[in-house]
Amino acid sequence: MPRTSHPRFDLIISDNDGCLVAEDTSPMDLDSLAKLAAHNRAAQDRRDRPLLTICSGRPQPFAEAMCRLLANRTAPCIAENGVWMYTPADNAYEMDPAITPAHRAAVRDAAAWIEAEFGPRGVSQQPGKSASISLYHADTEYLKSIGPRIREEFVRRGWPLRVSMTWFYINCDLAHVSKGTGLDRLLARTGTPRERLMGIGDTPSDLPIRERVSFFACPANAHEEIKSVADYVSPFAEAKGVVDIVEHACR
Numbered sequence: 001m002p003r004t005s006h007p008r009f010d011l012i013i014s015d016n017d018g019c020l021v022a023e024d025t026s027p028m029d030l031d032s033l034a035k036l037a038a039h040n041r042a043a044q045d046r047r048d049r050p051l052l053t054i055c056s057g058r059p060q061p062f063a064e065a066m067c068r069l070l071a072n073r074t075a076p077c078i079a080e081n082g083v084w085m086y087t088p089a090d091n092a093y094e095m096d097p098a099i100t101p102a103h104r105a106a107v108r109d110a111a112a113w114i115e116a117e118f119g120p121r122g123v124s125q126q127p128g129k130s131a132s133i134s135l136y137h138a139d140t141e142y143l144k145s146i147g148p149r150i151r152e153e154f155v156r157r158g159w160p161l162r163v164s165m166t167w168f169y170i171n172c173d174l175a176h177v178s179k180g181t182g183l184d185r186l187l188a189r190t191g192t193p194r195e196r197l198m199g200i201g202d203t204p205s206d207l208p209i210r211e212r213v214s215f216f217a218c219p220a221n222a223h224e225e226i227k228s229v230a231d232y233v234s235p236f237a238e239a240k241g242v243v244d245i246v247e248h249a250c251r
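Under the numbering used here, the residue at position 217 of the sequence shown is numbered 217, and the numbers go up by one with no gaps.
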């Protein structure tokens with residue numbers, strides 16, 4: 001991507017859930033997202049400010065829809081915690097080449113075991129994932145309680161998956177694939193240097209963003225662990241916080 005005339009940043013990389021949208025079923029803050037879309041249109045037309053793209057654990061179709069909603073027609077985005085890179089400029093979908101058929105078979109086997117073991121207890125699997133698993137239960141405390149059991153079974157069976165908790169989900173991702181590896185692919189594609197990058201996140205799963213940018217910010221609803229490593233903490237939550245962060249960066 002060509003450099004902008006902005007004195008500090010060329011690209012803003014934001015998490016999705018907990019930043020641009022709520023992780024629960026709350027309606028999207030369309031007013032705030034419209035402001036971010038207007039920012040992106042200006043960024044692409046005038047090249048005078050950093051473009052906002054996303055790095056998300058959500059399935060690729062959700063990430064693609066968010067790119068469209070945010071009027072990002074040029075910068076790649078990362079979906080499914082690094083499994084996919086989607087490039088709106090040419091409508092290209094690229095799975096991480098480090099994911100083999102054997103890895104995908106392990107994910108399928110793990111998903112089948114989880115369905116047999118926990119499906120009858122109300123644990124559901126988020127649709128649309130290609131090489132990872134996201135688990136949901138209406139009782140978040142119950143969901144947290146089964147994490148150790150899942151980890152133990154993965155180790156016992158040799159499934160190369162790590163287990164982590166978000167606000168409302170358990171994510172089971174291939175051990176060698178992450179938001180970090182996805183961002184490495186994205187940055188290799190765009191050629192954007194670290195000193196021209198800004199990041200936004202709200203949970204520990206966004207620490208790989210923090211590690212790859214020169215300036216990191218978070219909305220008011222972020223985990224304390226994330227606030228402790230942020231250069232700026234917005235007084236506003238979620239999408240309103242992202243608007244505030246983008247405005248703060250572009251002053």
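Just so you know, even glycine gets a beta-carbon here, dropped at the ideal spot from N, CA and C.
DSSP places Gln-125 in the strand class (E or B) of the three-state scheme. For Asn-171, the uninterrupted beta strand (DSSP E) segment begins and ends at 169-174. Of the other Cβ atoms in all chains shown, 16 or more fall within 10 Å of the Cβ of Gly-57; this residue is therefore buried. Residue burial is scored here from C-beta neighbours: Lys-144 has fewer than 16 other C-beta atoms within 10 angstroms and is therefore classed as exposed. The alpha-carbon of Ala-110 is positioned some 43 Å away from that of Arg-3.
Annotation: Val-163 to Val-83 spans about 15 Å, alpha carbon to alpha carbon. Taking the Cβ atoms as the reference, Arg-46 lies roughly 13 Å from Ala-71, outside the contact range of under 8 Å. With 16 or more other Cβ atoms from the protein chains shown falling within 10 Å of its own Cβ, His-103 counts as buried. Annotation: the continuous beta strand (DSSP E) that includes Trp-84 extends over 84-87. Proximity to Asn-91 across Gly-158, Pro-61, Leu-11 and Ser-14 peaks at Pro-61, based on C-alpha coordinates.
Rounded to whole angstroms, Pro-76 and Ala-217 show a C-alpha spacing of 20 Å. When beta bridges are read from the DSSP output, Met-198 appears opposite Ile-12 and Phe-215. A distance of 9 Å or more separates the beta carbons of Ala-239 and Asp-17.
Here Pro-27 is exposed, its C-beta having fewer than 16 other C-beta atoms within 10 Å. Shown here, Ser-32 sits in a helix according to DSSP, grouped into three states. A straight line joining the alpha-carbon of Thr-203 with that of Glu-224 spans about 9 Å.
In this structure, Ile-200 and Ile-12 form a Cβ contact; the two beta carbons are roughly 7 Å apart against a cut-off of 8 Å. A distance below 8 Å between beta-carbons, with the five flanking residues on each side excluded, links Thr-192 to the following residues of its chain, in chain order: Met-1, Asp-10 and Leu-11.
Ala-188 has its alpha-carbon roughly 14 Å from the corresponding atom of Arg-196. When only Cα atoms are considered, Ala-89 and Pro-208 end up about 25 Å apart. The C-beta of His-39 has 16 or more other C-beta atoms within 10 Å across all chains shown, which makes the residue buried. Looking at the backbone, the Cα of His-6 and that of Ile-245 are separated by about 15 Å. Beta-bridge annotation (DSSP): Arg-162 is paired with Asp-173. Nearest to Ala-175 by alpha-carbon distance, out of Arg-194, Ile-133 and Ala-116, is Ile-133. Around the CB of Thr-53, 16 or more other CB atoms lie within 10 Å, so the residue is classed as buried. The bridge partners DSSP lists for Ser-132 are Asp-173.
A Cβ-Cβ separation of about 5 Å places Glu-64 in contact with Tyr-86 under the 8 Å criterion.
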